[in-house]
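Quick notes on the structure that follows.
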């Protein structure tokens, strides 16, 4: 396989990527993150937005929201589909964590947490059908939350979308005025501190190592699952946590995009496209896409056209990441693909990223409506820029994605993995 190279003809700002550190925290050496500063910044960002909302506090049930505000990590994937863990965040002061019984110790000792209580199970079981225990259990929990909210200075409580319907009804019955925490969370998480950028760098370093291993291992006869397992295995080996998706496809399964890995056997000359969606060290999301050519073949003219268009789209849209502009202005100026590729273009061509991929979601021009996300582009905003090119009914497609932070003068790349010179049609 041809080796990748530097595809940039001009100087690219990748200073933030070069500042990446180790995968863990040590008491000496250069690989350092100030975890106290990290947690203080994130909690402060949430509380600042709660004060804007005139809310006495917030109740989070989504584990990444809990982690962002407090630093508490507890069985993250499991917590995403169960109704146990919640955390109350006052607009000022320390949080109260409701943790799964027997795991309360995981939240103790953190300076962001004032108290840890055992969480009641807020879900239905067959036993509840006869006893009615669920209603009483939720009501008792809601009374605790109401007491905490009033102690924080009011009755207005912001809740995230993981607080379920019946729990919300119980909170209202306890006298609380509920509002959505979505905007507060989006604004809080959008601007990254220097410590967060270091966390992202550590996670991206692992993802790029995994991509390199995959690229080196790629050969005919491997299955998509075997290739994807290299990403998952490297992440676990290097201190990462999990992958949000299994987005890796080959050959005809690269078109359309969003097909997850199967036992399809990769053949010579197949394109292999991937999106890491990797929750790495410190819980930060390394979101990178690359497309490779399976050896020993040389690329076809069609494969080169797809790749070059995706690369051109990516570079054009990255240059729109400038302070002082707006999300809507970025959409208006976004790259327009040739007509035959527009049916399957990415709807969302930029998105925010931190502990997860998320807001803001900035769409391609053709999808811009009055309801589309808008807001200022500011230094510290981290965006993933995405490109996909594949003709409707075509043989294959190409997916590329870069991650960058907005600076005072433009943007700085957080991802450094090179593009494919042979697919770009350049001399090796």
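In my numbering, the protein residues as written are 1288 to 1715. Even for Gly, the Cβ is constructed at its ideal location relative to N, Cα and C.
| Asked | Found |
| --- | --- |
| Please report the distance separating the alpha-carbon of residue 1377 from that of residue 1343. | 6 Å |
| Which whole-angstrom value is the C-beta distance of residue 1502 and residue 1579, which I expect to be below 8 Å? | 6 Å |
| Thinking C-beta only, is residue 1487 closer than 8 Å to residue 1355? | no |
| Quick check for students: name the residue ranges of the beta strand (DSSP E) that lie wholly in the region 1329-1390, counting only runs of 3 or more. | 1344-1347, 1373-1377 and 1382-1386 |
| What are the complete alpha helix (DSSP H) segments, minimum 4 residues, inside the region 1593-1630? | 1614-1619 and 1626-1629 |
| Roughly how many angstroms separate the alpha carbons of residue 1349 and residue 1373, rounded to a whole number? | 8 Å |
| Is the region 1296-1308 in contact with the region 1451-1458, if contact means three or more CB pairs nearer than 8 Å? | no |
| Three-state secondary structure (DSSP) at residue 1308? | coil |
| In terms of alpha-carbon separation, which member of 1526, 1518, 1436 and 1560 lies closest to residue 1720? | Here the chain covers residues 1288 to 1715 and nothing more, so residue 1720 does not appear. |
| Roughly how many angstroms lie between the CA atoms of residue 1439 and residue 1383, to the nearest whole one? | 11 Å |
| If residue 1346 sits next to residue 1474, beta carbons under 8 Å apart, how far is it from one beta carbon to the other, in whole angstroms? | In fact, because the Cβ distance is near 18 Å, the residues do not count as touching under 8 Å. |
| Does the ligand SAH have even one heavy atom less than 7 Å from the beta-carbon of residue 1701? | As presented, the structure is devoid of all ligands, the ligand SAH included, so that no description of it is given. |
| Any contact of the region 1690-1707 with the region 1624-1639, i.e. 3+ C-beta pairs under 8 Å? | no |
| Taking contact to mean at least 3 C-beta pairs separated by less than 8 Å, is the region 1665-1680 in contact with the region 1582-1598? | yes |
| Going by C-alpha to C-alpha distance, which of 1636, 1599, 1598 and 1602 sits closest to residue 1614? | 1636 |
| Can residue 1406 and residue 1426 be called in contact, C-beta distance under 8 Å? | no |
| Please work out which residues of its chain come closer than 6 Å, Cβ to Cβ, to residue 1300, disregarding the five sequence neighbours upstream and downstream, and give them in chain order. | 1699 |
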